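Written below as structure tokens is the structure these notes are about.
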């Protein structure tokens with residue numbers, strides 16, 4: 001079944017890439033982001049197919065089952081985000097244009113990719129829990145970390161427009177916060193998949209607690225600074241959407257500047273809540289003296 005599902009994944013993402021790439025949408029950040037995400041899904045799936053065909057996965061020092069489950073969950077959510085964000089921020093502006101059919105077809109194939117990756121994740125969850133699994137990918141810490149990085153991935157296309165923050169150094173620091181926390185989340189997941197946390201000079205729980213606390217503090221700063229400098233007139237912001245010139249031309253094929261600012265503010269608040277939940281979890285683990293890895297519980 002694995003080869004059939006991955007073949008479907010490759011075909012659906014390849015068609016979606018071709019359709020998205022055929023549209024003149026390179027000036028639209030969310031459309032470009034969708035194209036990059038689809039290319040990433042295709043390349044990763046193709047590499048995994050080659051690795052398994054040559055039986056090279058036995059040479060890796062980490063749990064291959066955990067890696068496949070992580071890959072399937074992430075790419076299913078990535079494709080789901082593209083299936084939602086691409087039509088919501090780009091396709092709707094193409095109504096009654098020649099590109100409408102191509103954009104709708106691209107969205108449909110993105111959804112097919114979502115279903116195929118979700119099917120793979122469900123199939124892997126049905127595997128016998130042998131040495132191929134450490135249990136980390138089925139734990140609450142992994143779920144929280146996955147959500148944190150996914151929300152950060154959604155923020156990235158909106159902040160790819162330098163007009164949103166280049167006039168204020170403190171807004172540039174907010175962009176740095178999103179990037180740093182995203183990188184820390186990816187590194188944490190990789191450390192767990194490779195079982196490298198036991199080599200750290202401090203316990204696993206304390207390590208995660210420190211990272212979660214740092215991320216919460218950074219996101220609190222971003223949640224204060226971003227709306228303050230984007231929507232408060234005293235700091236050069238625009239409190240009303242109607243005053244944004246880019247929002248007055250509804251024939252444009254992109255989300256207006258004010259909406260992009262609002263989207264980043266909302267996503268920052270959502271991710272802060274996820275980081276707080278992560279912090280509470282690890283604070284409880286430390287307080288009760290739990291030093292085991294999440295996968296060992």
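Residue numbers (UniProt numbering): 1 to 297. A virtual CB, placed ideally from N, CA and C, is assigned to each residue, including glycine. Quick caveat: nothing in here was measured; it's all calculated off a predicted structure.
Where does the unbroken alpha helix (DSSP H) through residue 148 begin, and where does it stop? For the purposes of this step, residue 148 is taken as the residue at position 148 of the chain shown. First-last of the alpha helix (DSSP H) with residue 148: 140-159.
Have a look at residue 85 and residue 11 and give me their C-alpha separation to the nearest angstrom. By 1-based counting over the chain shown, the position of residue 85 is 85. By 1-based counting over the chain shown, the position of residue 11 is 11. Looking at the two C-alpha atoms, the distance is approximately 21 Å.
Complete runs of the alpha helix (DSSP H) confined to the UniProt domain "MARVEL" (1-129) [at least 4 residues]: 2-22, 29-53, 64-89 and 100-125
Which of helix, strand or coil does DSSP assign to residue 201? Here the question's residue 201 lines up with position 201 in the chain shown. Residue state, collapsed to three classes: coil.
Pick out whichever of 80, 29 and 153 has its Cα sitting closest to the Cα of residue 90. The residue labelled residue 90 in the question sits at position 90 within the chain shown. Among 80, 29 and 153, the Cα nearest to that of residue 90 belongs to 29.
Secondary structure at residue 195, three-state DSSP: helix, strand or coil? As a first step, residue 195 must be located in the chain shown, where it is residue number 195. Reduced to three states, the DSSP call for residue 195 is coil.
Does the Cβ of residue 198 have 16 or more other Cβ atoms within 10 Å, making it buried, or fewer, making it exposed? By 1-based counting over the chain shown, the position of residue 198 is 198. Exposed is the call here.
May I ask which residues mark the beginning and end of the alpha helix (DSSP H) holding residue 286? On the chain shown, residue 286 is found 286 positions in, with the first residue counted as 1. From DSSP, the alpha helix (DSSP H) with residue 286 extends over 257-287.
What's the gap between the Cα of residue 3 and the Cα of residue 50? Within the chain shown, the letter at position 3 stands for residue 3. Within the chain shown, the letter at position 50 stands for residue 50. Using only the alpha carbons, I get a separation of about 11 Å.
Would you mind working out which of 141, 244, 162 and 267 sits nearest residue 153, comparing C-alpha positions? Sequence index remark: in the chain shown, residue 153 carries index 153 (1-based). The shortest Cα separation from residue 153 among 141, 244, 162 and 267 belongs to 267.
Going by the CB atoms, is the gap between residue 181 and residue 218 shorter than 8 Å? Taking the chain shown and counting its residues from 1, the one referred to as residue 218 is at position 218. Taking the chain shown and counting its residues from 1, the one referred to as residue 181 is at position 181. Yes.
Going by DSSP in three states, residue 240 sits in which element: helix, strand or coil? Numbered from its first residue, the chain shown carries residue 240 at position 240. Residue 240: coil per DSSP, three-state reduction.
Nonlocal neighbours in the same chain, by C-beta distance under 7 Å from residue 286, ignoring five residues either side: To locate residue 286, count along the chain shown from 1; it is residue 286. Excluding sequence neighbours, residue 286 sits near 205, 206 and 209.
Residue environment, residue 167, which counts as buried when at least 16 other CB atoms sit within 10 Å: The count along the chain shown starts at 1 and reaches residue 167 at position 167. Result: exposed.
Measure the CB-CB distance between residue 275 and residue 140 and report whether it falls below 8 Å. Locating residue 275 in the chain shown gives position 275, where the first residue counts as 1. Locating residue 140 in the chain shown gives position 140, where the first residue counts as 1. No.
Under 8 Å between the Cβ atoms of residue 148 and residue 278? Within the chain shown, residue 148 is the residue found at index 148, counting from 1. Within the chain shown, residue 278 is the residue found at index 278, counting from 1. One thing to note: residue 148 has its Cβ within 8 Å of the Cβ of residue 278.
Taking Cβ positions, are residue 272 and residue 216 nearer each other than 8 Å? Within the chain shown, residue 272 is the residue found at index 272, counting from 1. Within the chain shown, residue 216 is the residue found at index 216, counting from 1. Contact: yes.
Taking the C-alpha atoms as reference points, what is the distance between residue 82 and residue 110? Sequence index remark: in the chain shown, residue 82 carries index 82 (1-based). Sequence index remark: in the chain shown, residue 110 carries index 110 (1-based). Cα to Cα, the separation comes out at about 7 Å.
Residue nearest to residue 8 in terms of C-alpha spacing, selected from 106, 114, 202 and 80: Position 8 of the chain shown, counted from the start, is the residue given in the question as residue 8. The shortest CA-to-CA distance from residue 8 to any of 106, 114, 202 and 80 is the one to 114.
Residue 78 and residue 194 look like a contact to me (Cβ under 8 Å); what is the Cβ gap, rounded to whole Å? In the chain shown, residue 78 corresponds to position 78, counting from 1. In the chain shown, residue 194 corresponds to position 194, counting from 1. With a Cβ gap of about 22 Å, residue 78 and residue 194 do not count as contacting.
Close-in-space but distant-in-sequence residues of the same chain around residue 121 (CB under 7 Å, 5 per side omitted): Taking the first residue of the chain shown as 1, we reach residue 121 at position 121. Once the five neighbours on either side are set aside, the close Cβ partners of residue 121 are 69, 72, 73 and 76.
Exposed or buried, what is residue 31 when buried is set at 16 or more other beta-carbons lying within 10 Å of its beta-carbon? As a working note, residue 31 is residue 31 in the chain shown. It is buried - the Cβ of residue 31 has at least 16 other Cβ atoms within 10 Å.
Beta-carbon proximity of residue 19 to residue 105, cut-off 8 Å: Against the chain shown, residue 19 aligns to sequence position 19. Against the chain shown, residue 105 aligns to sequence position 105. It is a contact, given that the beta carbons lie within the stated cut-off.
Who are the near neighbours of residue 112 in its chain, counting only those whose CB is closer than 7 Å to its CB and skipping five residues on each side? Numbered from its first residue, the chain shown carries residue 112 at position 112. Hits under 7 Å: 12.
Ignore the nearest five residues each way along the sequence and tell me which others in residue 53's own chain have a CB closer than 8 Å to its CB. Start at 1 with the first residue of the chain shown, and residue 53 comes out as number 53. None.
Backbone CA spacing between residue 151 and residue 56 [nearest angstrom]: Locating residue 151 in the chain shown gives position 151, where the first residue counts as 1. Locating residue 56 in the chain shown gives position 56, where the first residue counts as 1. Their backbone Cα atoms lie some 32 Å apart in a straight line.
Check this for me: beta carbons of residue 158 and residue 264, under 8 Å apart or not? Taking the first residue of the chain shown as position 1, residue 158 is located at position 158. Taking the first residue of the chain shown as position 1, residue 264 is located at position 264. It is a contact, given that the beta carbons lie within the stated cut-off.
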